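What follows is one structure encoded as structure tokens, with my remarks underneath.
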Amino acid sequence: MSRVYDIVGKVGDEQAFRQEIRDWLAEKIPAGWRARWQGVREEELKAEIVAWLEERRKVGLATPHWPREWGGPGLPFAYQIMVYEEFARADAPELDMYTISLFHTPATLFEHGTQEQKDKYLSGITQGTDIWCQGFSEPGAGSDLAALRTSARREGDHYVVNGQKIWSSSSMHARYCLLLARTDPNGKRKHDGISYFIMDMHSPGVEVRPIPQITGESEFAEIFLDDVKIPVANLIGAEGNGWNIAQSTLSTERGLLIFGAVERLAHSFGLDGREAKDTWMRDVQHRREYAALYAELQSIRLMIRQLLIELEANPDKASPTLPTYIKLTWGPFLQRYTEFLLRAEGLEALKWQPSIPGTGHSSRLRMNDFLKSYGWTIAGGSNEIMRNIVSERILGMPRG
Amino acid sequence: MSRVYDIVGKVGDEQAFRQEIRDWLAEKIPAGWRARWQGVREEELKAEIVAWLEERRKVGLATPHWPREWGGPGLPFAYQIMVYEEFARADAPELDMYTISLFHTPATLFEHGTQEQKDKYLSGITQGTDIWCQGFSEPGAGSDLAALRTSARREGDHYVVNGQKIWSSSSMHARYCLLLARTDPNGKRKHDGISYFIMDMHSPGVEVRPIPQITGESEFAEIFLDDVKIPVANLIGAEGNGWNIAQSTLSTERGLLIFGAVERLAHSFGLDGREAKDTWMRDVQHRREYAALYAELQSIRLMIRQLLIELEANPDKASPTLPTYIKLTWGPFLQRYTEFLLRAEGLEALKWQPSIPGTGHSSRLRMNDFLKSYGWTIAGGSNEIMRNIVSERILGMPRG
Amino acid sequence: MSDDLDLGVLAGSFAEMLDAEWPREKAVAYARADHLYAEDLWQQMAALGWTALTVPEEYGGLGMGSAAVAALHGALGAAAAPVPMLGTTLAVELLLRAGNAAQQAAWLPGLADGSLRAAVAQPGDTVVAADGDAVSGSVANLLDAASANILFLRAVRGGKPAWIVLRSDAPGLSVERHALTDTTRTLGTVTLDGVALDGDALIVPADAAALDDALLRIAALAIAADAIGGGERVLAGTIEYMTVRQQFDRVIGSFQALKHRVADHQTALVAARGLVEYAAGLAADHPQALLMAISAKQHAARAVAEIARDCIQLHGGVGFTAEFFPHIYLKRAKVNEAIHGTRPVLLDRIADMLEAA
Amino acid sequence: MSDDLDLGVLAGSFAEMLDAEWPREKAVAYARADHLYAEDLWQQMAALGWTALTVPEEYGGLGMGSAAVAALHGALGAAAAPVPMLGTTLAVELLLRAGNAAQQAAWLPGLADGSLRAAVAQPGDTVVAADGDAVSGSVANLLDAASANILFLRAVRGGKPAWIVLRSDAPGLSVERHALTDTTRTLGTVTLDGVALDGDALIVPADAAALDDALLRIAALAIAADAIGGGERVLAGTIEYMTVRQQFDRVIGSFQALKHRVADHQTALVAARGLVEYAAGLAADHPQALLMAISAKQHAARAVAEIARDCIQLHGGVGFTAEFFPHIYLKRAKVNEAIHGTRPVLLDRIADMLEAA
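Protein sequence lines, in the order shown, are assigned to chains A, B, C and D.
Just so you know, we're using our numbering here: the first sequence kicks off at 1489 and counts up by one.
Just so you know, we're using our numbering here: the second sequence kicks off at 1489 and counts up by one.
Just so you know, we're using our numbering here: the third sequence kicks off at 42 and counts up by one.
Just so you know, we're using our numbering here: the fourth sequence kicks off at 42 and counts up by one.
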């Protein structure tokens, strides 16, 4: 018979809180979930994920970082951090498919959504029924996001949208889309005249084409929009204010999301070294490379903790500098570390293995993890964009 | 009693030629020259160098790469290469102070000088009495050489020169200077209107200020030119054609000069590994680093040999690509190798030692050699300029 | 001089056929489906005599040496051709060095005409005990075992190193295929269950270490050349993309930070190619033949893996898709690093050789 | 919270004094002449109580911990200050951990007021046999030995590790100075010819390995902080130069290829600083205190050496002259890499600790 857990009730006593989560995780994490998810069919996977979300919902942790008013546990920030730490430490199932739903959508709606929008959309997320996707990037507007061309023309009580989106994660599974489109083609700067919509992916004229990726999976897709009608009620914020709101959406990638990703790696990093104790950890050079990477990993974890402290003190996320430094350190580090493992482990690490859908770069499927590291060096502002930001915006060096 | 050597007479029999040089070098290389030159006073050093040049002159090798008509031995190209190989292998005294004299000046005069100029200036080089320097770079025109501002105004039978030169190696010891100055300030492109002169460094108005460098030496200087008169007879080539002639001057750095430098390093590289057999060569990581650097060094030597073959087939030095690749490989390699030695050898390698004037980067004074490697990554077209050339001129990528 | 010319012509003919028969679109499509090897391409190669390159003339081959091996494998690397040519190259070397006349006569003609596709064990692969008339055991991760119809396995007989040569269809022999992330090659686990050793099956080299070195040299040259070919192709394709892809109203190939990375890659490839070609041109008995070959292998394989890694980054988002070509080269580059001596293993050997010099 | 504030104020006051008293021009000029150490600066530091930072209050000090050590050494690194502060920092640690009351009373006040300048042996320095009443022997390459007036040497007595503390002017003791390329520090070879061991001269730690670890931790923190301070300063000065130096009619700081290198350096420094500060903030008995300290040291020292190396390149020709400042930081960075555990030595230790965890 299962114990009754009161995790949220332990707030105020860190040790008890952590112990309660650990006990709960120890009992509830679906045994062998990684192996089972590997190569599973889509429907079964979704059922697994919904079941896990339901398990989390029972203890109030479906959405650990949400405020109480929107169905979250209303945890103090420090306790949100602990939750993600413990999830990483226990290797709880990953929910990459719900990333937009759990992070980007609430970050956008909490701040900019109408009451009606919040009421209508948030519960579908906590229950795991609605997957959201993001419609920001376009084939001609990747690093240069503001160059987007998808148009939204107002016609009475709706907008008519035409264009094409790309790199939209999980959009083949998505019910809703956070969409950026140009409502005013005559804006002075290219950032002007962009508006922000909630788009129902079941609308006529929406077509999704999964993009095969170099890991063999298709986690993201292109979205073709052909005279898609979006009700005016689905506009988020004011018309033409989409660029600013999009910054809120994207800022969510700076906090707990990257924290969780890095903590996952810190967990697998430890396992990697221990499991190699009779193989590459016996080679002086590899030992040293591993030990050197340890320092780098710690430096990233510390920067993120610093950022979390700053975010707690100032939830408006004022400073763009630390997130930029973190991204420009983390992505390349992750790529080097996963590449190091390929070299250290040799041919065995290069064997093809089915990927584990809906999980990140710490699956310990070596080649997959290496290839997925590009997700951090290219997506969400490539290394190159980050270097522009550091040199020009942070250090004030002149534009070329 | 000293044997009589006939090195040049052995041309046609490679093995005999090499053996004759080896025998001669074994007898004639001043014992312990490196230790003696270290920290020696300037006058003594010059005497040592002149004596060594005289020794070389006796067997026709003062200027191994010169044609017979100008006092050289007229060696076939393959034999010139052998000479430099054998000099490097035997660690014969280096003559960096005479680099411009032995390479740049003849490369310029052979091709572009008048008969009178050749007659007047070349013998002073073979006898070691005249050191030459180069007056190309200016404080505001380093990588962007064509932006030079030093002016030469024609007044009757002479030019009046005003301006400032920098990075002029050995100019404090120099009798003559290969000088670039602008005779026409209204050229369409900045390469136009530049003329090429032989300047007597004893002329009134020439002032030389040695530049202290990070090795503690001052191998080069600034030259201040205040109404310096240069006879019209000292113009090389046509007025305004200086930029093209300068390319001949600089092209000399592409062939035997860099070959000699690399062969010197190949020699010291071997010694470094052998002498470390009980120290860092016992460390797996350092062993591997050394072994990896070996491949890189060989790849550079092979590129240079390829270049020498091309130069022999086509003395007009048509292709700029291979020299660019060589420079962009060699400079960074040398810097990494000398830096590797610092790390491998630890604190001992960081002790200050007097430098060995007039020698290059293979003195085996660890920190000196490391610091001097910048001579290849900054001077004569920095790494950055080389990367521009490779991407834009060779690969045809668009300008920024 | 005529040798050089021939090599240039040869390399040109390799490239011409592969450009026509194995263009980038085909390579991209191939990588997205499940295949064992590109059989059509193999047949074409065989028809053109490529599989006969190093087989002596008396066995129907062209009798060429290691420089030609590098030219061929360089072209195959450039095309990322999914053919088990390395097996042929190594099997021919092995038979010429250690096979008896009967074995040479038995296998070389089939290798030459492409009807035999060989898988040859790497250094470090499992050694099979072969003391009786039949062998049992298992050899894991044998490169290209699944596409081969003849296997060359490391063995030991009477305490001495040996090789056994077995047909894939020999009774008691089975091969379980493992896909690699590099879809141009596969691995196989070979299981031997009382497989009979007939008269020709056993190769006992006079000097097993010398044979291993000879095989290592040829493998190193082939892989180094394959790496360079791939590196040049992935970089050239990336430069091409950079001259059309626009961001911030400019082609991305005009951004200096990207151009400088490309310049470094190009320079590294030119330098590495020189090393590989020099190593491939040395006679097998040249004192530096092995040193140069493994130096070239470790250097080229590493440099190209790094270049291919950056080519995806230089492509940006599309580089992460299986619809573009760079990933094919990255994955092949990673396998090139891992087979026939990882870099650490080769560097240790090189250091030993430098110390002994 | 007030600790943090104090540290910030402290660091600010260090920087303010050094900016005023040891500006770049002075550092450049100093590096071109022959000096033992910057005596005036030392006196000023002592007058401000910096030398008393970690000395307990009862001995005239401020009783601060490792976070303050990092703040001070970070400021000294930023200024490339030629003062033997590391010796004081280590001597205080050594005395507090292993000195008896008499020794503490004898030496700490002088260390606090700056009248004593200590040189403390590194791990691996020569161990002096100290079994009798007098010692003889030689210790090579003792850091800052020539500028010190009190020496802490590794010794062995009765087969057990110990330390001996000697005045530089002790009869029979002589120090031969060796200049380093980093002119902000020197080495000395200490020769002992029957130097008497008086009652206070011998320190026999209860746990010599633990003492070594404590000293290594403090040295690592001080050097890591010194490195970061230097790295930040050399990069900032380089960026400053890049915004004024023109080539091709543009300031060179507008070239993207250069900017991207600068961006990577800046990012590396921010990350490394966080690691150093965290390590310095851990209590000495924190289970990760040593692990983090040596991780920070090997990482910061290497990263900064590389950044300083590139700062000369980014300066172009003037970076190669002793008239500009970057070389000072490069040379200091190289010494920081080499002292109190080279990177390989520390990485081996870190790997051991990670395996034991």
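All C-beta atoms in this analysis are idealised placements derived from N, C-alpha and C, irrespective of residue type, glycine included.
All of these numbers come straight from a predicted model, not from anything done at the bench.
Using a Cβ cut-off of 7 Å, pull out every chain B residue sitting near K201 (chain C), in sequence order please. Indexing the third sequence from 1 puts residue 201 (chain C) at position 160. Within chain B, no residue comes near K201 (chain C); the closest Cβ sits about 31 Å away, beyond 7 Å.
Between I264 (chain D) and chain A, is any beta-carbon pair separated by less than 8 Å? As a first step, residue 264 (chain D) is located in the fourth sequence; it is residue number 223 there, counting from the start. Judged by the 8 Å Cβ criterion, I264 (chain D) is not in contact with chain A.
Is D1541 (chain B) helix, strand or coil when you go by DSSP? As a position in the second sequence, residue 1541 (chain B) is number 53, starting the count at 1. The question names Asp, yet the displayed sequence has Leu at residue 1541 (chain B). For L1541 (chain B), the three-state secondary structure derived from DSSP is helix.
Note the first and the last residue of the continuous beta strand (DSSP E) segment covering E227 (chain C). In the third sequence, residue 227 (chain C) corresponds to position 186, counting from 1. Note on identity: in this sequence residue 227 (chain C) is Thr, with Glu being the wrong assignment. In the DSSP assignment, T227 (chain C) falls within the unbroken beta strand (DSSP E) covering 227 to 237.
Using DSSP's beta-bridge definition, name the partner residues of N1729 (chain B). Indexing the second sequence from 1 puts residue 1729 (chain B) at position 241. Answer is B:I1682.
Output the distance between the C-alpha atoms of A52 (chain D) and A119 (chain D), rounded to the nearest integer angstrom. Position 11 of the fourth sequence holds residue 52 (chain D). Position 78 of the fourth sequence holds residue 119 (chain D). A119 (chain D) has its alpha-carbon roughly 11 Å from the corresponding atom of A52 (chain D).
I'd like the ranges of any beta strand (DSSP E) spanning at least 3 consecutive residues and lying wholly in the segment 1637 to 1668 of chain A. Taking only runs of at least 3 residues, the beta strand (DSSP E) segments lying wholly in the segment 1637 to 1668 of chain A are 1639 to 1643, 1646 to 1657.
Could you have a look at M1689 (chain A) and say whether DSSP puts it in helix, strand or coil? By 1-based counting over the first sequence, the position of residue 1689 (chain A) is 201. In the three-state reduction of the DSSP assignment, M1689 (chain A) falls in the coil class, being assigned neither a helical nor a strand state.
Expected contact under 8 Å - CB spacing of S336 (chain C) and I391 (chain C) to nearest Å: Here residue 336 (chain C) refers to the residue found at position 295 when the third sequence is read from its first residue. Here residue 391 (chain C) refers to the residue found at position 350 when the third sequence is read from its first residue. Contact holds; Cβ gap of about 6 Å.
Between T1551 (chain A) and G1562 (chain A), which are expected to be in contact by the criterion C-beta below 8 Å, what is the C-beta distance as a whole number of angstroms? Locating residue 1551 (chain A) in the first sequence gives position 63, where the first residue counts as 1. Locating residue 1562 (chain A) in the first sequence gives position 74, where the first residue counts as 1. Not quite, the Cβ-Cβ distance comes to about 10 Å (not below 8 Å), so this is no contact.
Let's test the definition: count the other Cβ atoms within 10 Å of the Cβ of P1581 (chain A) and tell me whether it reaches 16, buried, or not, exposed. Reading the first sequence from its first residue, position 93 is the one you call residue 1581 (chain A). The residue in question, P1581 (chain A), is buried, as its Cβ has 16 or more Cβ neighbours within 10 Å.
Residues in its own chain within less than 6 Å of S1861 (chain B) by CB, not counting five upstream and five downstream? For the purposes of this step, residue 1861 (chain B) is identified with residue 373 of the second sequence, where counting begins at 1. Excluding positions up to five away in sequence, the list reads L1822, Q1823, T1826, H1849.
C-beta atoms of S1631 (chain B) and F1708 (chain B) nearer than 8 Å: Along the second sequence, read from residue 1 onward, the residue named residue 1631 (chain B) stands at position 143. Along the second sequence, read from residue 1 onward, the residue named residue 1708 (chain B) stands at position 220. Taking 8 Å as the cut-off, the Cβ atoms of S1631 (chain B) and F1708 (chain B) do not count as close.
So M1855 (chain A) contacts chain C; which residues on that side make the cut at Cβ distance below 8 Å? Position 367 of the first sequence holds residue 1855 (chain A). Using a Cβ-Cβ cut-off of 8 Å, M1855 (chain A) is close to T222, K372, K375 of chain C, given in chain order.
With a cut-off of 8 Å, does the C-beta of V292 (chain D) fall near any C-beta of chain A? Within the fourth sequence, residue 292 (chain D) is the residue found at index 251, counting from 1. Yes - at least one Cβ of chain A is within 8 Å of the one on V292 (chain D).
Does the beta carbon of G1888 (chain B) sit closer than 8 Å to a beta carbon anywhere in chain A? Here the question's residue 1888 (chain B) lines up with position 400 in the second sequence. So, interface residue.
For S1691 (chain B) and K1653 (chain B), what's the separation of their Cα atoms in angstroms? If you number the second sequence from 1, residue 1691 (chain B) lands on position 203. If you number the second sequence from 1, residue 1653 (chain B) lands on position 165. Near 15 Å, if we compare the C-alpha coordinates of K1653 (chain B) and S1691 (chain B).
Pick from D:L136, D:A72, D:M58, D:A111: whose alpha carbon is nearest that of V96 (chain D)? In the fourth sequence, residue 96 (chain D) corresponds to position 55, counting from 1. Nearest of D:L136, D:A72, D:M58, D:A111 to V96 (chain D), Cα basis: D:L136.
Are L207 (chain C) and V236 (chain C) touching if we call contact CB-CB under 8 Å? Residue numbering aside, residue 207 (chain C) sits at position 166 when the third sequence is read from its first letter. Residue numbering aside, residue 236 (chain C) sits at position 195 when the third sequence is read from its first letter. Contact flag set, yes.
Counting only beta-carbon atoms, is H306 (chain D) nearer than 8 Å to chain C? Translated into positions along the fourth sequence, residue 306 (chain D) becomes position 265. No - not a single Cβ of chain C is within 8 Å of the one on H306 (chain D).
Supposed contact pair R226 (chain D) and D185 (chain D) - C-beta distance, whole angstroms, cut 8 Å: Counting from one through the fourth sequence, the residue named residue 185 (chain D) turns up at place 144. Counting from one through the fourth sequence, the residue named residue 226 (chain D) turns up at place 185. That pair is a contact at about 6 Å.
C-alpha gap between M42 (chain D) and E1695 (chain A), whole angstroms: Stepping through the fourth sequence from its first residue, residue 42 (chain D) is reached at position 1. Stepping through the first sequence from its first residue, residue 1695 (chain A) is reached at position 207. Low per-residue confidence applies at M42 (chain D): pLDDT is 32, beneath 50, and the placement is therefore not dependable, though the value from the model is reported in the following sentence. Looking at the backbone, the Cα of M42 (chain D) and that of E1695 (chain A) are separated by about 55 Å.
Is R1776 (chain A) close to chain B? Criterion is C-beta to C-beta, closer than 8 Å. The residue given as residue 1776 (chain A) occupies position 288 in the first sequence. Against chain B, the CB of R1776 (chain A) has a partner CB under 8 Å away; the residue lies at that interface.
Write down the C-beta distance between A187 (chain C) and R158 (chain C) rounded to the nearest angstrom, noting that I regard them as a contact closer than 8 Å. Position 146 of the third sequence, counting from 1, holds the residue named residue 187 (chain C). Position 117 of the third sequence, counting from 1, holds the residue named residue 158 (chain C). Contact between A187 (chain C) and R158 (chain C) does not hold, since the beta-carbon distance rounds to 10 Å and is not under 8 Å.
Boundaries (first-last residue) of the alpha helix (DSSP H) holding E1508 (chain A): As a first step, residue 1508 (chain A) must be located in the first sequence, where it is residue number 20. Where E1508 (chain A) is concerned, the enclosing alpha helix (DSSP H) starts and stops at 1502 to 1516.
Where H381 (chain C) falls, given that 16 or more other Cβ within 10 Å makes a residue buried: Taking the first residue of the third sequence as 1, we reach residue 381 (chain C) at position 340. Buried is the call here.
DSSP beta-bridge partners for V176 (chain C)? Stepping through the third sequence from its first residue, residue 176 (chain C) is reached at position 135. In DSSP, V176 (chain C) forms a bridge with C:V236.
Hey, quick one: how far does the alpha helix (DSSP H) through Q354 (chain D) stretch, first residue to last? Start at 1 with the first residue of the fourth sequence, and residue 354 (chain D) comes out as number 313. Run containing Q354 (chain D): 330 to 356, per the alpha helix (DSSP H) assignment.
Outcome for L1549 (chain A) when other beta-carbon atoms lying within 10 angstroms are tallied against a minimum of 16: Indexing the first sequence from 1 puts residue 1549 (chain A) at position 61. Answer is buried; the Cβ neighbour count reaches 16.
Report the start-end ranges of each alpha helix (DSSP H) in the segment 89 to 136 of chain D that is 4 residues or longer and not cut off at the edges. Counting only runs of 4 or more, we get 107 to 120.
At 8 Å on the CB atoms, spell out the chain B contacts of V1772 (chain A), in chain order. Against the first sequence, residue 1772 (chain A) aligns to sequence position 284. By Cβ distance, chain B contributes D1771, V1772, Q1773.
Note the first and the last residue of the continuous beta strand (DSSP E) segment covering A1709 (chain A). Taking the first residue of the first sequence as 1, we reach residue 1709 (chain A) at position 221. Taken as a continuous stretch (DSSP letters only), the beta strand (DSSP E) holding A1709 (chain A) covers 1708 to 1719.
Nearest-angstrom beta carbon gap, H368 (chain D) and I353 (chain D) [assumed within contact, 8 Å]: Numbered from 1 along the fourth sequence, position 312 holds the residue referred to as residue 353 (chain D). Numbered from 1 along the fourth sequence, position 327 holds the residue referred to as residue 368 (chain D). Confirmed, about 7 Å.
N-terminal and C-terminal residue of the beta strand (DSSP E) that S1589 (chain B) is part of: Locating residue 1589 (chain B) in the second sequence gives position 101, counting from the first residue. Per DSSP, S1589 (chain B) belongs to no beta strand (DSSP E) and is neither H nor E.
Name the chain B residues that come within less than 8 Å of H368 (chain D), Cβ to Cβ? The residue you call residue 368 (chain D) lines up with position 327 of the fourth sequence. Going along chain B in sequence order, the residues near H368 (chain D) (Cβ under 8 Å) are I1702, L1859.
Are there 16 or more other CB atoms within 10 angstroms of the CB of E1491 (chain A), so buried, or fewer, so exposed? Mapped onto the first sequence, residue 1491 (chain A) falls at position 3. Looking at the sequence itself, residue 1491 (chain A) is Arg, so the reference to Glu does not match. Exposed is the label assigned to R1491 (chain A), since fewer than 16 other Cβ atoms lie within 10 Å of its Cβ.
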